[in-house]
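Asker: Mind having a look at this structure? Questions to follow.
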Amino acid sequence: TIEGVRDVRVAMMADKVKRRLVAVGSGKGGVGKSTLTANLAVALARAGHKVGVVDADIYGPSQPTLLDPANQKPQARDKQLIPVESEFGVKLLSTGQLIEPGKAIAWRGPMTGGALTQMMEADWGDTEIILIDLPPGTGDIQLTMIQKFKPDGAMVVSTPQDLSLIDAARALDLFRQAHVPVIGIVENMAGYMCPHCGEISDPFGSGGAEAAALQLGENFLGRIPLAMEIRVASDTGQPPAANNTPQGQAFAGIAHKLSD
Ligand code: ADP
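If you count the sequence shown from 1, you need to add 55 to reach the UniProt record's numbering.
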């Protein structure tokens, strides 16, 4: 009936209004974008939000390792994917769930576009906020994601050194050009505390991202230290944000700025 159709439309619109899409990007790989995404999701879930993660880093999916080491496979209903529920209360979809670990993903453009669409249009139920782990850089997947799904906001991760910051500025520019509101910049791997003597050193420098944010007129969202615990915990599927350690609190502080 027309009534029925209208009800469905209203429900879809309500659904659309309620859910926020936040893209997490970086100028280049290896700066900790996936680690940050996973930990922000866990921190938001701990704060009582209904959170999902879409791993759009199609050629290098690492969210299953970070959030769901059991690597559950998503089910489908009426051709719609149902996100996997991780033990940290985060719903997750990733191409890493669909392919065998260690196998190369040699997909052409249309296939990656199809995979993105399936993940974005999955049955996210009552999920309030979806964090999208973008591939590094400013390529096709990022463009498709931005143009087709119009994130409500985007954040960019950078390490403190100049080269990383130059690339981060490029990633920021991509969001700006597409009129995606930039939430701010996060500095990762800032400052290393020696586990033996406690001395803090800055292998990549420190404060660069904050200065860059200021210069670019964007918010600085906070910094995460370079810490052995973060690497070890992440590799074993135990996101630091699940605990009240100083590292966990650093992630929670940034997550808080996303939930406002
Ligand atoms: P990206 O998604 O930007 O490619 P990852 O999140 O995969 O980067 O991180 C790259 C590597 O660096 C991983 O092994 C991860 O555990 C490690 N790493 C990320 N952030 C930190 C940090 N703050 N301290 C220590 N290791 C980190």
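Heads up, the beta-carbon is just placed ideally off N, CA and C, and yes, glycines get one too.
(1) What is the rounded straight-line gap between the Cα of leucine 269 and the Cα of glutamate 242?
(2) With DSSP as the reference, label asparagine 298 as helix, strand or coil.
(3) For aspartate 257, which residues of its own chain have a beta-carbon under 6 angstroms away from its beta-carbon, when the five flanking residues on both sides are left out?
(4) Please state the DSSP three-state secondary structure of serine 89.
(5) Does the Cβ-Cβ distance between leucine 182 and lysine 128 come in under 9 angstroms?
(6) Expressed to the nearest angstrom, what Euclidean distance is found between the alpha-carbon atoms of lysine 73 and tryptophan 179?
(7) From the DSSP output, in three-state form, read off alanine 131 for me.
(8) Would you mind stating whether leucine 186 and glycine 239 have Cβ atoms separated by less than 9 angstroms?
(9) Could you please give the first and the last residue of the uninterrupted alpha helix (DSSP H) stretch that includes phenylalanine 230?
(10) Throw me the rounded Cβ distance for the alanine 209 and valine 77 pair, which I believe falls under 8 angstroms.
(11) Measure the Cβ-Cβ separation of serine 213 and alanine 266 and say whether it is below 9 angstroms.
(12) Helix, strand or coil: which one does DSSP assign to phenylalanine 259?
(13) Alpha helix (DSSP H) containing arginine 163: first to last residue?
(14) Using DSSP's beta-bridge definition, name the partner residues of arginine 74.
(15) What does the Cβ neighbour count give for lysine 158, buried or exposed, with the cut at 16 atoms within 10 Å?
(16) Any heavy atom of the ligand ADP inside 8 angstroms of the beta-carbon of serine 91?
Answerer: The short version:
(1) As a first step, residue 269 is located in the sequence shown; it is residue number 214 there, counting from the start. As a first step, residue 242 is located in the sequence shown; it is residue number 187 there, counting from the start. If you draw a straight line from the Cα of leucine 269 to the Cα of glutamate 242, it is about 13 angstroms long.
(2) Here residue 298 refers to the residue found at position 243 of the sequence shown. Correct three-state label for asparagine 298: coil.
(3) To locate residue 257, count along the sequence shown from 1; it is residue 202. Here the set comprises Gly246.
(4) Translated into positions along the sequence shown, residue 89 becomes position 34. Helix, per DSSP.
(5) As a working note, residue 182 is residue 127 in the sequence shown. As a working note, residue 128 is residue 73 in the sequence shown. The sequence shown places threonine at residue 182, not leucine. No. Outside cutoff.
(6) Taking the first residue of the sequence shown as 1, we reach residue 73 at position 18. Taking the first residue of the sequence shown as 1, we reach residue 179 at position 124. Lysine 73 and tryptophan 179: Cα-Cα distance of roughly 12 angstroms.
(7) Here residue 131 refers to the residue found at position 76 of the sequence shown. If DSSP states are grouped into helix, strand and coil, alanine 131 belongs with the strands.
(8) Locating residue 186 in the sequence shown gives position 131, counting from the first residue. Locating residue 239 in the sequence shown gives position 184, counting from the first residue. Not a contact, by the Cβ cut-off of 9 angstroms.
(9) Locating residue 230 in the sequence shown gives position 175, counting from the first residue. That run of the alpha helix (DSSP H) goes 217-232.
(10) Start at 1 with the first residue of the sequence shown, and residue 209 comes out as number 154. Start at 1 with the first residue of the sequence shown, and residue 77 comes out as number 22. Between alanine 209 and valine 77, the beta carbon gap of about 7 angstroms places them in contact (Cβ cut-off 8 angstroms).
(11) Counting from 1 along the sequence shown, the entry for residue 213 is found at position 158. Counting from 1 along the sequence shown, the entry for residue 266 is found at position 211. Cβ distance not < 9 angstroms, so serine 213 and alanine 266 don't count as in contact.
(12) What you label residue 259 is simply residue 204 of the sequence shown in a count that begins at 1. DSSP places phenylalanine 259 in the coil class of the three-state scheme, outside both helix and strand.
(13) Numbered from 1 along the sequence shown, position 108 holds the residue referred to as residue 163. Careful: arginine 163 lies outside any alpha helix (DSSP H) and carries neither H nor E.
(14) Stepping through the sequence shown from its first residue, residue 74 is reached at position 19. In DSSP, arginine 74 forms no bridge with anything.
(15) Numbered from 1 along the sequence shown, position 103 holds the residue referred to as residue 158. Result: exposed.
(16) Here the question's residue 91 lines up with position 36 in the sequence shown. According to the sequence displayed, residue 91 carries leucine and not serine. Indeed, a heavy atom of the ligand ADP lies less than 8 angstroms from the Cβ.
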